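In the numbering used here, the protein residues as written are 3 to 170.
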């Protein structure tokens, strides 16, 4: 199974989701500022990195975990789903691909933090907002990751898109 976490920029909620998925973060408490800022790729990608599929590691079941920032495009994930279906049919593969949208977990402070830090390069405003937003969202992101793993196991479909609107 292949897991791909998606959102707008690919550097905040997706990075947290990948880190939780790979058991790199504690799940029994709120994250510290240092833990958040040390998450792989957290607040490190640039606008030109949108659309790049980034490998984060392999989970405890041997499943690769990726992230991608889709920008404002509503067609990136459906296009990747279609490509996955074509490749599976052509190569007769039965590897499941799960696309999981982390955008619903993003609170307002994280949205503005990303805007100030990544777009305007005003880190002294953006980074504290991002940390605050990450602390607000960590429980929700953990639940989304658990749901994503479970959905991947339970589905009979080979390519799945989880919009995760229930995590707003």
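A virtual CB, placed ideally from N, CA and C, is assigned to each residue, including glycine. If you're wondering where the values come from, they're calculated on a predicted model, not measured in any experiment.
Which value, in whole angstroms, describes the spacing of the CA atoms of residue i and residue j?
| i | j | result |
| --- | --- | --- |
| residue 55 | residue 92 | 22 Å |
| residue 116 | residue 164 | 23 Å |
| residue 83 | residue 152 | 19 Å |
| residue 34 | residue 90 | 41 Å |
| residue 148 | residue 46 | 25 Å |
| residue 65 | residue 155 | 12 Å |
| residue 15 | residue 94 | 33 Å |
| residue 1 | residue 17 | The structure shown does not extend to residue 1, since the chain is modelled only from 3 through 170, so no value can be given for it. |
| residue 97 | residue 150 | 16 Å |
| residue 37 | residue 52 | 24 Å |
| residue 170 | residue 128 | 22 Å |
| residue 7 | residue 57 | 10 Å |
| residue 171 | residue 88 | No answer is possible for residue 171: the residues shown for the chain start at 3 and end at 170. |
| residue 48 | residue 114 | 16 Å |
Confirm, please, whether the CB-CB distance from residue j to residue i is below 8 Å.
| i | j | result |
| --- | --- | --- |
| residue 5 | residue 60 | no |
| residue 136 | residue 112 | yes |
Going by beta carbon distance, what residues of the same chain come within less than 8 Å of residue i, once the five residues before and after it are set aside?
| i | result |
| --- | --- |
| residue 29 | 22, 144 |
Check the C-beta distance from residue i over to residue j and give it rounded, since I have them as a contact under 8 Å.
| i | j | result |
| --- | --- | --- |
| residue 12 | residue 86 | Residue 12 to residue 86, Cβ: 18 Å. No contact. |
| residue 25 | residue 62 | 7 Å |
Just to confirm my understanding: we take residue i, look at its own chain, exclude 5 residues before and 5 after, and list those with CB closer than 7 Å. What are they?
| i | result |
| --- | --- |
| residue 1 | This structure cannot speak to residue 1, because the chain is shown only from 3 to 170. |
| residue 20 | 7, 58, 67, 69 |
| residue 32 | 137, 140 |
Short of 6 Å in beta carbon distance, which residues of its chain neighbour residue i, apart from the five on each side in sequence? Order them along the chain.
| i | result |
| --- | --- |
| residue 139 | 107, 109 |
| residue 3 | 65, 98, 154 |
| residue 9 | 15, 16, 104, 105 |
| residue 27 | 21 |
Taking 7 Å as the cut-off, is the beta-carbon of residue i closer than that to any non-hydrogen atom of the ligand SAH?
| i | result |
| --- | --- |
| residue 20 | In the structure on display, the ligand SAH does not appear, and there are no ligands present to speak of. |
Exercise for the section: Please confirm if the segment 130 to 142 is in contact with the segment 157 to 167, defined as three or more CB-CB distances below 8 Å between the two stretches. Expected result: no
Practice task
Inspect the CB distances between the segment 142 to 153 and the segment 71 to 86 and report whether three or more fall short of 8 Å.
Solution key: no
Exercise for the section: Would you be able to state if there are at least three C-beta pairs under 8 Å between the segment 27 to 44 and the segment 99 to 111? Expected result: no
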